[in-house]
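The numbering of the sequence shown is this note's numbering, which starts it at 729 and goes up by one. We treat Cβ as the ideally placed atom computed from N, Cα and C, and that holds for glycine. Everything on this sheet refers to the single structure shown next.
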Amino acid sequence: MEGRGPPRREVVIPGDLLDGHGLKPGSGTFNEGGHIYAARVGIRSDKDGYVDVIPLGGVYIPKARDVVIGKVTDCGPSHWLIDINSPYPAPLHATETPWMVEFGDTERYLQVGDAIVAEVLSVDETKHVQLSMADRQFGRVTGGQIVEMSHAKIPRLIGRQGSMVGMIRDFTRVRMFVGQNGQVWLDGDPEDVRHTVHVIRMIDEQAPLTGLTDTVRAYLEGVYGRRAAQPAESEESDGGY
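See the structure below:
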C-alpha cells in the first residue's frame, strides 16, 4: 500500500526498470511506453506513491525562490512533473505558466524530455514542492546541452558577484545558465562548449582547494590567450563557499 513501511533502497543505473504498483515517476526517472526507468545512477526510493532515484553524491533540497533547471518526466491533464535533481516530486501546474492551457492539453506545450528553467514557488513542511514559470524570464530550454555538477559546488562555479562564471563566459563566449539544483545549461560553438564543460568538471572536483580561480584562469588563458576583457576577482574575493 502506498506510503506504508520504510522507503525501499537499492542502487540503480540509467535504464533500469523501476515499475511498481501504482507508482508515479519522480526525480531521476523518466516515463517511456508506460514504464518507469532510472535516468541516473543512484539509490531507488519509493515514497508517497512516487519512485525516485537519489544521486549518490548527495541530494539537492529545494527552497522557495531557487531558480532551477529541470526536465519533464510525466504529463498530467493539468500539470507536468519535473525532475529538478531532488528526491521530492516537483509539479508544475498549468496555471503557473505563461500559457492558457486547456485541461488535458498539457502535452501540446511541454512533453516528456523537455527541459525548462523555473522558480521554486513554495516548499511546505512535508517537502511538497511547487514550481512556477509565470515570470517571463523562465520557460522552455531549446538547443544547447545540460551539464550536471554537485549542487553544493554551484556557489563556487558562480563566484562572488558572478566573478567565476563571468570569467568563463568572457573567455569562451558560451551562453550559460546556472541552476541552483546543480544543472548548468550551455550553448555555443561545440569546441568552446567542450572547454566550458572541462572547466565545470574542474570546479566540481577541486572546489575545496585554494587557488581555484587562478587554476581556472590559467587553463582558459592556455586555450584562448588573454581573451577575457574583464578577468575574475582574485581567489580571496571569490567567495560562495
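Does the structure place the segment 825 to 838 close enough to the segment 776 to 783 that three or more beta carbon pairs sit under 8 angstroms? no
Looking at VAL796 and GLN911, is the spacing between their C-beta atoms short of 9 angstroms? yes
Do you know how far the Cα of HIS923 is from the Cα of ILE812? A straight-line Cα-Cα distance of about 25 angstroms links ILE812 and HIS923.
Considering just the uninterrupted stretch of the alpha helix (DSSP H) at GLU918, what are its terminal residues? For the sequence presented, residue 918 should be read as Pro rather than Glu. Annotation: the continuous alpha helix (DSSP H) that includes PRO918 extends over 918 to 934.
Tell me the rounded alpha-carbon separation between VAL740 and ALA862. Across the structure, VAL740 and ALA862 are spaced so that their CA atoms are roughly 35 angstroms apart.
Using DSSP's beta-bridge definition, name the partner residues of HIS879. According to DSSP, HIS879 bridges with nothing at all.
Measuring alpha carbon to alpha carbon, tell me which residue in ASP920, CYS803 and ASP774 is nearest PHE899. Nearest of ASP920, CYS803 and ASP774 to PHE899, Cα basis: ASP920.
Backbone CA spacing between MET895 and GLY832 [nearest angstrom]: 45 angstroms
Short of 6 angstroms in beta carbon distance, which residues of its chain neighbour GLN858, apart from the five on each side in sequence? Order them along the chain. LEU849 and SER850
Own chain partners of ASN909 with C-beta closer than 6 angstroms, once the 5 adjacent residues on each side are dropped: TYR788, VAL796, ILE812, ASN813 and HIS879
N- and C-terminal bounds of the beta strand (DSSP E) containing LEU859: Per DSSP, LEU859 belongs to the beta strand (DSSP E) from 857 to 860.
Report the partner residues of PHE758 according to the DSSP bridge assignment. BP columns for PHE758 point to TYR765.
What span of residues does the alpha helix (DSSP H) with ARG772 cover, start to end? Segment 770 to 775 is the beta strand (DSSP E) holding ARG772; no alpha helix (DSSP H) there.
My guess is that TRP913 and GLY887 are in contact by the Cβ rule of under 8 angstroms, so how many angstroms apart are they, rounded? In this structure TRP913 is not in contact with GLY887, their Cβ atoms being roughly 18 angstroms apart against a cut-off of 8 angstroms.
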